[in-house]
Amino acid sequence: MKREPELAGNVPGYMAIAEQMRAEIDAGKYPAGARFPSEAELCGRFGQNRYTIRKALDLLVKTGKLCARQGIGHFVCGKPLDVQYTITATMRFSEMMASQGCRPSARLLGAEELVPPEEIGRALELSEGKRAVRLHILRFVDGVPVARNETWLRAELFPGLLRLLNGPEPFHSLHAILLDHYGTRLTRVRSTFRTAHPKAAEAGLLHISPHQNLLVIDSLMKDQRGQPAEFTSARYRGDLCRVTIDF
């Protein structure tokens, strides 16, 4: 029978691996609520088999460092995020999170210019055949994915936007780009709320089960001239986010 490797003195391999991972969690490498690397990733990193890695993960679960979710993977335990987002006409998500002492960030998953679906065209008051820019954005708070946005912008109002988005500067805030490069400040004029289940790929991006509810907020924004400029469908994790509307 193959014995487990001993990586540090007489300490069994799985315990040494668990101790190293525990130290990384305590140091903040993996924030509370974040998805932990998969068994396959850990096998590659430590050069060990799944049995050894599984024992290390089980030990971290027993000691309260990790939480196991069947069919999804392991997540870092601890005080969960409590994302409190107050919707106003002008306050943006990243500004709201920063004001609460959180660290907001975003990843641009894709961008393209095309003729939008009919309902999007109506919302943006586009004539037939007019094009829009569609963006897919993944939003994070303190390194944890909390929302996926599908944003549509009137292409004629933001010429060269795709070139800017594909430039060398890292993506952080769409509205900062619109303000800095186009002098456009958007105002929310309408939001509707609904719930939905994520698609499989979306659940993977958000580190949740496909059966978990999302809070979906569809919002229309206008520019300073009163022209419809943006329509966004923001899909928030229901387990982490609370939304308030200010009147």
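Residues 16 to 262, numbered by the working numbering, are exactly what the sequence shown covers, in order.
The C-beta atom is built at its ideal place from N, Cα and C for all residues, glycine as well.
These numbers come from a predicted model, not from an experiment.
Looking at the backbone, the Cα of residue 101 and that of residue 77 are separated by about 37 Å.
As the crow flies, the alpha-carbon of residue 80 is around 43 Å from that of residue 178.
For residue 221, no beta strand (DSSP E) segment is defined; the enclosing uninterrupted segment is the alpha helix (DSSP H) at 215–221. Sorting 218, 232 and 186 by C-alpha distance to the C-alpha of residue 226 places 218 at the top. Segment contact: the region 241–252 against the region 134–141, three or more CB-CB distances shorter than 8 Å; contact assigned. By the neighbour-count definition (other C-beta atoms within 10 Å, threshold 16), residue 196 is an exposed residue. For residue 232, the enclosing beta strand (DSSP E) starts and ends at 229–237. Leaving aside the five residues that flank residue 200 on each side, the residues in its chain whose CB is nearer than 7 Å to its CB run, in chain order, 194 and 239. In the structure shown, residue 165 falls within a strand segment according to DSSP collapsed to helix, strand and coil. Judged by beta-carbon spacing, residue 154 lies within the 8 Å limit of residue 108, meaning their Cβ atoms are closer than that value.
Taking a contact to require three or more Cβ pairs closer than 8 Å, the region 145–165 and the region 104–118 qualify as touching.
At least 8 Å separates the beta-carbon of residue 181 from that of residue 210. Sixteen is the threshold: when 16 or more other Cβ atoms of the shown chains lie within 10 Å of the Cβ of residue 162, as they do, the residue is buried. One thing to note: residue 258 has its Cβ no nearer than 8 Å to the Cβ of residue 235.
Between the alpha carbons of residue 132 and residue 256 lies a gap of roughly 29 Å. If you keep only unbroken beta strand (DSSP E) runs of at least 3 residues inside the region 91–160, you get 98–102, 119–129 and 147–156. Per DSSP, reduced to three states, the secondary structure at residue 178 is helical. Cβ neighbours of residue 68 within its own chain (closer than 8 Å, five residues either side excluded): 29, 32, 54, 57, 58 and 61.
Under a 10 Å Cβ-count criterion, residue 85 is classified as exposed, with fewer than 16 other Cβ atoms of the shown protein chains found around its own Cβ. Considering only 253, 170 and 111, the residue with the shortest C-alpha distance to residue 130 is 170. Of the candidates 45, 143 and 128, the residue whose Cα lies closest to the Cα of residue 82 is 45.
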